[in-house]
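The opening residue of the sequence shown carries number 1 in this note's numbering; numbering runs sequentially from there.
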Amino acid sequence: MTDHERLTTLQSYVWTLELLGESLVQRDEQLECEHEPQLSFRASAGIHQAIKIISRLASEQCGKLLGDEERVGS
Numbered sequence: 001m002t003d004h005e006r007l008t009t010l011q012s013y014v015w016t017l018e019l020l021g022e023s024l025v026q027r028d029e030q031l032e033c034e035h036e037p038q039l040s041f042r043a044s045a046g047i048h049q050a051i052k053i054i055s056r057l058a059s060e061q062c063g064k065l066l067g068d069e070e071r072v073g074s
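#1: What did DSSP end up calling T2 once you bin it into helix, strand or coil?
#2: I need the straight-line Cα distance from C33 to L19, nearest angstrom please.
#3: Is it true that the CB of S55 sits closer than 8 Å to the CB of G24?
#4: What is the DSSP secondary structure of E22, counted as helix, strand or coil?
#5: Quick check on this structure: which residue in D3, T8 and Y13 has the alpha carbon closest to the alpha carbon of A50?
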């Protein structure tokens, strides 16, 4: 994978994380109105899990980019 492809992938991950963060805010606002806290908890837990997975993937891509930079600088 080229650096440009990695950066494009990272950009997609960051946008997705931003959208997931916004959905968490909306879920928090809905919690005040909903009468089914179990469903709200499951939805929030799913969003949190997605954030963890995407953050890990983004971190791996950053590590690869930084590793490539160190090899070029050597």
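Where a beta carbon is used, it is the ideal one built from N, C-alpha and C, also for glycine.
According to the structure shown:
#1: Coil.
#2: Near 22 Å, if we compare the C-alpha coordinates of L19 and C33.
#3: Rather than Gly, the amino acid found at residue 24 in this sequence is Leu. No, these two residues do not count as a Cβ contact at 8 Å.
#4: Three-state DSSP puts E22 in a helix.
#5: Cα-wise, what sits closest to A50 is Y13.
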